Structures are given as structure tokens and as C-alpha cells.
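In what follows, a single structure is set out as C-alpha cells and then discussed.
Chains as they are written, first to last, in this note's numbering: chain W, 1 to 300; chain X, 301 to 978.
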């Protein structure tokens with residue numbers, strides 16, 4: 001389990017994380033999403049023990065992580081831009097990772113490398129960005145650590161490789177005690193793989209919930225209500241995040257279960273009403289909008 | 301994998317990653333050092349300078365010449381710095397920091413691993429190459445004995461410690477910053493800051509004061525930089541420099557590890573890991589740079605500091621320029637120049653204030669000579685004392701350091717010296733003038749120790765006659781004579797051989813005579829010289845030419861080694877009766893004056909050159925008659941009496957070359973043979 005308790009981190013005048021508390025439980029794939037500059041990378045670095053919190057605690061299985069080699073042996077951190085030694089080949093990096101992580105599975109790494117079509121003897125500086133990212137992922141997975149922290153893991157990967165990564169993660173979770181924490185802007189991919197998401201915005205946690213629970217408690221409803229007064233009463237009685245009209249069609253995003261919301265909508269005698277599943281991307285946009293991150297303001 | 305294995309593996313990994321540096325250092329040092337040494341030995345033999353047996357006899361000096369510390373200091377400093385910069389450059393790239401700081405290792409272990417690998421990659425190739433050069437090549441030329449091995453190992457120890465010290469300082473600089481360029485500049489700054497500031501202080505005080513004497517020489521500053529510490533081992537010291545270097549290394553290492561432990565991981569690309577350091581470093585660099593600007597201006601303009609107002613203006617300009625440059629270097633952002641206006645004001649104000657202090661000379665410091673009643677002792681140092689008693693070519697000349705001479709001559713009976721100081725105040729700036737009279741003045745350093753304990757140095761230009769009268773008066777005191785008498789530093793146990801060079805005929809050194817002495821004879825010679833020097837008056841000796849120049853050395857037949865003790869060369873004058881009597885007993889009588897014809901018969905050629913302002917003349921004279929005419933127009937003198945514009949190189953028929961000092965005594969005759977009017 002990963003726990004952040006009231007963690008704060010400032011870089012000069014900039015507050016990267018402000019009294020953040022978060023828990024990543026065992027046996028789940030945790031997706032960390034957030035706007036640009038929200039603090040995702042900082043949080044991952046903190047969990048990896050690279051950056052020290054100004055205040056608060058970062059605990060891995062109940063133990064502090066910073067300057068704790070025993071705990072860090074169970075964490076493999078894959079940053080956004082990976083580092084490979086000058087003129088190194090995948091074999092050289094394998095040795096470097098083997099040096100750090102006693103459970104590194106060299107055989108598995110060799111198989112994954114072959115499956116990904118990466119030559120073990122070729123210089124990594126001749127790889128494309130996507131290939132380097134692939135290599136990073138394969139090294140991280142083969143490290144055999146309990147926790148794998150991934151920053152923008154899907155960035156640069158082709159669709160087939162992204163699917164492969166998701167499959168690998170799922171397989172790892174079945175085979176052993178494996179908890180990936182993935183920070184990404186690619187919400188479509190995260191949606192497929194993550195059980196739990198945490199949304200960071202401007203250094204604070206907006207939400208941290210199971211993805212299914214999140215979808216269960218938020219609805220997107222489209223309806224047509226002839227009586228404006230009934231429409232007004234309906235909207236006033238709901239926890240509406242956003243509402244807009246397109247002609248007579250009313251679309252609104254609301255918190256609540258499907259059953260609760262639809263019962264209330266039916267009470268307004270709609271000509272037409274239906275609930276549409278929300279994507280993670282939509283949840284992200286609407287939640288951050290409520291927090292003041294108005295994308296429309298950027299383009300207006 | 302345990303931390304220990306990870307630690308060792310990280311060292312191995314770093315050595316592999318920096319194999320390019322290991323290869324360059326190894327190739328350069330392992331191939332070149334033994335090869336250069338071999339070439340040097342070959343050169344001595346094949347060049348005909350020495351036979352193989354003579355090289356073997358001179359092993360101490362050849363070992364010192366090649367394996368001595370000084371010549372290797374730049375190589376060691378550069379390789380140590382490069383090893384540090386390349387080893388810790390990863391601290392300047394965020395993705396590299398992410399990689400290393402995410403490793404399951406404590407920070408100090410990461411630091412230690414990189415520190416160790418960098419230390420190994422510089423020290424091991426150098427030590428190996430030196431060992432191969434000394435024992436393999438040196439062994440082949442019979443250079444390896446207990447004495448030379450001692451010298452070699454002492455030098456190697458100092459160089460190894462120097463590497464460690466410079467390396468640790470460069471590492472400290474790198475962990476203090478997030479940019480390699482700043483790390484390099486910081487490293488240089490830490491290593492040379494104190495001696496450079498002291499030198500700058502001396503230069504400024506010398507420029508703006510008439511009677512200033514720089515008592516803060518490099519020798520005083522020798523412990524303020526590891527490079528200078530290593531330099532002084534050429535003076536025969538080992539224990540103190542070794543201890544000082546170890547201290548430097550330990551302090552820098554501890555500071556480095558402390559800074560690194562507290563260093564935030566997110567400082568890659570920042571000028572300093574702690575932003576407040578920026579203003580401090582800026583001030584430390586900008587203020588001396590501003591003052592240096594002033595000194596540079598005065599040096600280029602040839603001014604002696606008389607235009608004091610300009611000094612303040614240039615100090616202001618220099619400080620502003622230095623501040624701007626430091627801001628740009630530190631922040632790479634022109635906007636930061638204005639943002640740092642507060643610190644800039646402090647820097648400019650401090651620089652101008654310091655300059656005002658130097659220029660204004662509060663309390664008339666320059667002219668100040670306390671009343672005699674407030675002075676406890678005074679001492680003197682001048683070239684006349686050295687030049688009269690010893691040839692100035694001594695490599696460890698007696699009292700060549702002014703401080704040493706002054707401390708030896710300190711006396712509480714200083715009325716003569718006080719009068720000399722008061723006399724000196726009248727002749728401010730005379731040696732800097734173009735007046736011909738300036739050649740009749742000598743530069744003299746006088747020091748006075750106040751009854752309150754302070755020691756002050758002053759430099760005066762004194763008429764040579766006045767100076768010699770004072771030295772003659774002082775010589776009447778036995779204690780003073782002994783204090784300037786190099787014979788009283790001689791120990792009979794330090795020499796068993798004397799080489800005698802006739803002075804009167806200024807022959808090339810082939811004419812040297814060597815006399816071996818038993819221990820009792822060495823003591824007799826020492827006693828004779830002491831007696832003679834005790835009786836001699838400096839003023840009288842100055843007007844004479846020496847009969848002989850005597851060099852002492854210790855030759856070990858067992859080791860076939862030579863050692864030359866300190867203060868090894870002295871002059872012998874005609875009135876040194878006891879010394880000459882001793883030499884006569886040993887079968888040596890100095891040559892009487894040779895005629896110019898007799899001298900010309902031994903010479904192959906004379907190369908004459910005269911350079912003074914726009915006058916520039918040089919020629920080679922080969923005919924015997926012309927050589928006789930030229931020698932008749934010039935006089936062989938001591939260095940302090942020589943004409944510094946005139947150079948004469950004598951080549952004997954046997955091919956030996958010498959460079960005696962001369963003075964033109966007959967300009968008409970000189971012009972007649974050379975066609976040149978000095």
C-alpha cells in the first residue's frame with residue numbers, strides 16, 4: 001500500500017503539492033490524472049523516493065520511502081523521459097537494472113525484448129522515441145518490483161504496443177503481487193486498464209475513487225422537457241455540474257446514481273430522456289471545470 | 301542484492317561508463333611518462349652532456365628534475381578536475397537524477413561510489429606510469445637507490461594527495477550547483493581564491509603606496525591553496541604539505557557529502573542548489589574583479605597610482621561589469637541583472653569603499669614610521685647582502701626570501717636602520733624614474749617590530765653609498781655579521797666535497813676543481829670560512845671581486861648519489877686568509893688574473909647582445925683579435941653590478957657555454973669592435 005499523508009511540496013514560490021492525502025491499495029492499477037502542472041510527476045517522484053516532501057509522510061507498506069533502500073528495492077520508477085547510459089545497449093541497461101533489483105527476470109526481459117522486436121545489442125541512442133519508451137517499460141516490468149511507477153507510459157507507444165503494455169500489466173497482476181501507478185494524459189488508455197483513479201488539480205486531490213464507482217455516481221443525461229418551469233425545478237433539485245441547451249434538447253452532467261436521476265427526470269414529464277455513459281475524459285473535464293479549470297476560457 | 305554489492309557494482313558501472321576518460325588518462329600517462337623519461341635519459345647520453353656513469357652519479361638531481369612535484373601539478377589538477385566534473389555532471393540533468401536517486405541506495409553511498417570511481421580512475425594510471433618510469437626506465441640507467449626512491453615516493457605521495465584534494469574540491473563545487481559551467485567556475489574559485497586575493501591586495505598596495513613592501517608573498521599564501529601547498533615540496537618539505545593536502549581533501553569531502561545529502565533533487569539546471577548562495581558568490585567574485593580592473597588599468601597605462609580619482613572611477617566601472625557578467629553567468633537571463641539590483645548596490649559600494657581605503661591611505665599609512673621609542677627591533681634585506689656573500693645563481697639562495705633575511709637580521713640596536721628608513725623617505729619613486737641617477741640607488745626592505753608586537757615591512761630606495769655605509773657600520777656588530785653570514789648555516793656533516801670555480805678568469809665551468817673532504821676537513825673548511833666572514837666588512841667586500849665561487853655537495857660513494865645542501869654556494873675573497881690557507885693545504889691555489897689574450901685563446905666565440913629601449917644590437921665575434929678587443933672593453937662583475945642590458949655568451953673551444961656577467965668599461969673600445977654605441 002502506498003500512502004501519502006498531508007504531503008506538501010514547494011519549488012520556490014510554486015506549490016506543487018498542497019496537503020495531499022492519497023492511498024493506493026494493493027491489487028489495483030492506479031491511474032493518476034491531472035491537468036498540466038498539477039503535480040503528477042512530483043507525486044510519482046515523491047513515491048519513488050527521489051524528491052523529499054517538505055511536510056507530511058510518504059509511506060510504502062507503512063514505512064517511509066525517502067532514503068530507505070529496503071523499501072526502494074520494491075519500487076521501480078519509469079520517468080517521462082528515461083535515462084540510458086551513453087552508448088548503452090539493452091543488455092547493458094539490463095545489467096544496470098539487475099544490479100539494483102535482485103528479482104530482475106532476465107529471461108522474461110529477453111522474451112519481451114524479442115516480442116517487441118528490439119535488438120538487445122543495438123545502441124539505444126539509435127532507437128526511436130517510441131522504442132526507447134518500449135524498452136523502459138520492459139525494463140520496468142522485468143524488474144520484478146512490487147510497485148511500478150509510470151509517468152506518461154503510453155506517450156510515444158503505437159496502439160499495438162499500448163495494448164501489449166496493458167496486457168502485460170494485467171498478466172503481472174495475476175502472476176504476482178504487482179501494483180502499477182500510472183500517470184498519464186491518455187485517459188482512454190487509462191480507462192481500459194485502471195481500477196482506481198486519482199485526479200490532481202493545482203497541487204490538490206480533487207477525487208480518488210474506483211473508476212466504476214466514479215461512473216456509477218455521475219451521469220450524463222439528455223432530455224426534452226416541454227414545460228420550462230418543470231425543467232427549472234428539475235435542475236434546481238439536482239447536483240448539476242454542467243447544463244446546456246441545444247434547441248429543445250437539454251444535456252446535463254449530474255452527480256447521483258442512474259436510478260435516482262432518471263426517477264427525478266421522469267417526474268418532470270419529459271418527451272424524451274436517456275442516460276449516456278461518461279468517459280473518463282469527460283469526468284476529468286467536468287470535475288476540473290468545477291474546480292475552475294475552464295478549457296473554454298483558453299479558446300474564447 | 302546487499303547495499304555493499306550494489307555499492308561496488310555502481311563503482312564498476314561508473315568506471316565502465318567513463319571508460320573513455322580512463323582510456324585517455326591511462327594512454328596518456330602510461331605511454332608518455334615512461335617514454336618521456338626514457339627520451340630524457342637518452343638525450344643526456346647521446347647529447348654528450350653526460351656519460352652514462354655521470355648520469356648515474358647525478359641521479360638525485362635527475363630524479364628530482366623528472367619526478368619532482370612541480371612539473372606534474374598541472375596534469376594532476378586537470379585530471380582530478382575532469383574526473384570530478386564528468387563523474388558528477390549527472391547532478392545537472394533531471395532525468396539522470398531521477399535514475400540515480402530512485403536507486404535503492406542511500407544518498408551518501410551513491411556519493412561515495414562516484415567519488416571512489418573518480419579517484420581511482422585518476423590516481424591509478426598516474427601512479428602506475430610513474431612506477432614503471434622510475435623502476436623500469438630509471439633502473440636501466442642506475443637511477444634507483446634508497447635516496448632517489450625516497451625522493452620518488454615522497455613526490456608520489458604528495459601528488460596522490462594533491463589529486464585527492466583537488467578532486468574533492470571539484471566534487472564539492474559540482475554538488476553545490478545544477479550546471480556544469482558553474483561547477484567548473486566554483487571549483488577554480490575555491491582552489492585559488494585566497495592566494496589570488498592576497499596577491500591582488502599586494503599589487504594594489506604596491507601601486508598606490510610608495511613605501512609598501514609586500515610581506516604577503518606566495519610563500520605566506522602557500523597553505524591557502526592545495527596547488528601552492530604541493531608546490532612547496534620543491535623546497536624539500538613533505539610532512540607539512542602532506543598534512544595540509546590531507547586536511548583540504550578531508551574538509552572538501554565532508555562538506556561535499558553534507559551538501560549532497562541535503563541537496564534537493566529538483567535543482568538540476570539551477571545555478572546553485574541553495575539560491576541564497578548566488579548573491580554571496582557574486583559578491584566574492586565581483587569585488588576582487590572590480591579591484592583587479594583598477595590594477596589592470598594602471599598596469600596598462602603605466603601609471604604609478606598618482607591619478608587616484610581615476611582609481612575610484614575604474615573601481616566603480618569594474619564592479620558594475622563584474623556584477624553584470626556574474627548575473628549572466630549564474631542566471632543566463634539578462635532580466636536578472638535588474639532583479640539583483642540590491643546585491644549589485646552592495647557590491648559596487650563595497651568595491652568603491654575598498655578602493656577609497658587604498659587610495660586615501662588613512663592615517664598616512666604609507667609614510668608612517670613610528671618613533672624609535674615605540675620600536676622593539678628592526679631588520680634589513682637587500683640584494684647587496686646576498687650578492688656580496690653568495691652568487692645569486694644559488695637555487696636555494698640565502699635570504700632570497702625577504703622575510704627570511706629580515707627575520708635573521710632583526711636587531712634591537714637599530715639606530716642605523718632607523719636612520720636609513722628616514723633617509724629612504726626622501727627618495728620616493730626614484731627607481732621608477734628614467735633618470736640616470738636611478739642606477740645609483742638600491743631597493744631595500746626594512747622591517748620594524750613594534751613594542752606592541754606588530755611587524756611592518758617598508759621598501760625604500762636608498763643611495764648605494766649610503767646603504768653601504770650603513771652595512772659597514774652594522775658589520776661592526778658581530779651578531780649582525782653572523783646573521784648575514786651563510787657560513788653559519790653550514791653543517792660540516794652536510795658536505796664532503798667542494799667544487800671551486802675561479803672567478804677572476806670567468807672561465808666556463810669545465811675549469812672547476814673538485815676537492816673531496818673528510819668530515820674533519822669539512823669542519824675545518826667551515827670554521828675557516830666563518831672566521832674569514834666574521835672579520836670581513838660588507839662595504840669593503842662590495843668594492844672587490846671574489847677570487848672563487850665555492851659549491852658544497854655531499855657525494856655518497858655507496859649510493860653514488862649527490863646531494864646539494866641549502867646555501868651551498870659562497871664567494872671567497874682575497875682577504876679570506878684562513879679559507880685560502882686551507883685550500884692551499886689541499887693543493888689548490890686560485891688562478892691569478894688571466895690576461896684577455898690568455899682568455900681569448902680558450903674561446904671559440906663570443907655572442908654579444910645589447911638591448912635597451914630602441915637600441916638593439918647583437919653579433920657573434922669569432923676572431924681572436926676581436927675577442928681580445930671586446931674583452932678589453934668590458935669587465936667581469938657580480939650580477940648586482942652588471943649591466944642588465946648587456947648579454948655576453950662565451951663558447952669555449954671544448955664547446956662549453958657560459959654566461960658571465962659583464963659591465964662596459966670602455967664604450968669607445970666597445971664601439972670600435974662592435975660598431976655599436978650603447
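All C-beta atoms, glycine included, are put in the ideal place defined by N, C-alpha and C.
All values derive from a computational prediction rather than experimental measurement.
Item	Value
Counting Cβ pairs, one atom from each stretch, are 3 or more of them under 8 Å apart for the stretch 537–553 of chain X and the stretch 469–481 of chain X?	yes
Using a Cβ-Cβ distance under 7 Å, would residue 315/X count as near chain W?	no
Where does residue 238/W sit, in a helix, a strand or coil, going by DSSP?	coil
Compare the C-beta of residue 69/W against all C-beta atoms of chain X and say whether one is closer than 7 Å.	yes
Helix, strand or coil for residue 501/X? Go by DSSP, reduced to three states.	helix
Which residues bound the alpha helix (DSSP H) around residue 286/W?	280–290
With a 10 Å radius around its C-beta and 16 neighbouring C-beta atoms as the bar for buried, classify residue 476/X as buried or exposed.	buried
Could you give the residue range of the alpha helix (DSSP H) that holds residue 109/W?	106–116
Tell me whether the beta-carbon of residue 785/X lies closer than 7 Å to the beta-carbon of residue 828/X.	no
Give the interface partners of residue 634/X over in chain W, defined as CB-CB distance under 7 Å, in chain order.	Chain W residues near residue 634/X: none, gap ~20 Å exceeds 7 Å.
Quick one: what does DSSP say residue 817/X is sitting in, helix, strand or coil?	coil
Would you call the stretch 370–387 of chain X in contact with the stretch 23–43 of chain W, where contact means no fewer than 3 C-beta pairs closer than 8 Å?	no
Could you name the residues of chain W that residue 579/X contacts, counting a contact when the two beta carbons are closer than 7 Å?	Chain W residues near residue 579/X: none, gap ~16 Å exceeds 7 Å.
Once you ignore the five residues that flank residue 774/X on each side, which residues in its own chain have a CB closer than 7 Å to its CB?	716, 780
Is residue 600/X buried or exposed, if buried means 16 or more other CB atoms sit within 10 Å of its CB?	exposed
Looking at the C-beta of residue 89/W, does it have a partner C-beta in chain X at a distance below 7 Å?	no
Once DSSP output is grouped into helix, strand and coil, what is the label at residue 139/W?	helix
The alpha helix (DSSP H) that contains residue 589/X, what's its start and end?	577–601
Of all the CB atoms in chain W, is at least one closer than 7 Å to the CB of residue 301/X?	Only weak support exists for where residue 301/X lies, its pLDDT of 48 falling under 50; the value from the coordinates is given anyway. So yes, residue 301/X belongs to the interface.
Mark residue 272/W as exposed unless 16 or more other C-beta atoms lie within 10 angstroms of its C-beta, in which case mark it buried.	exposed
Apply the 10 Å Cβ neighbour rule to residue 562/X and answer buried if 16 or more other Cβ atoms are within range, or exposed otherwise.	exposed
Just the C-alpha distance for residue 685/X and residue 488/X, rounded to the nearest angstrom, thanks.	40 Å
Run the CB neighbour count on residue 359/X, radius 10 Å, all protein chains shown included, and call it buried at 16 or more, exposed below.	buried
Distance, Cα to Cα, residue 977/X vs residue 764/X?	27 Å
Whose C-beta lies closer than 6 Å to the C-beta of residue 112/W among residues of the same chain, with five residues either side of it excluded?	138
In chain order, what residues of the stretch 12–33 of chain W put their CB closer than 7 Å to some CB of chain X?	none
Only counting runs of 4 or more residues, tell me where the alpha helix (DSSP H) segments fall wholly within the stretch 202–278 of chain W, in order along the chain.	211–216, 228–236, 258–266
Flag this pair as yes or no: are the beta carbons of residue 433/X and residue 572/X separated by less than 7 Å?	no
Tell me, to the nearest whole angstrom, how far the beta carbon of residue 235/W is from that of residue 229/W; I am working on the premise that it is less than 8 Å.	About 11 Å; that fails the 8 Å criterion.
Just to confirm, are residue 909/X and residue 947/X a CB contact at a threshold of 7 Å?	yes
For residue 556/X and residue 484/X, I'd like the C-alpha separation in whole angstroms.	15 Å
Quick check: is the beta carbon of residue 99/W nearer than 7 Å to any beta carbon in chain X?	yes
Taking C-alpha atoms, which residue in 659/X, 584/X, 303/X lies nearest to residue 626/X?	584/X
Measure the C-alpha to C-alpha separation of residue 645/X and residue 4/W and round it to an integer number of angstroms.	45 Å
Answer yes or no: does any C-beta atom of chain X fall closer than 7 Å to that of residue 77/W?	yes
Determine which residues share a DSSP beta bridge with residue 802/X and list them.	848/X
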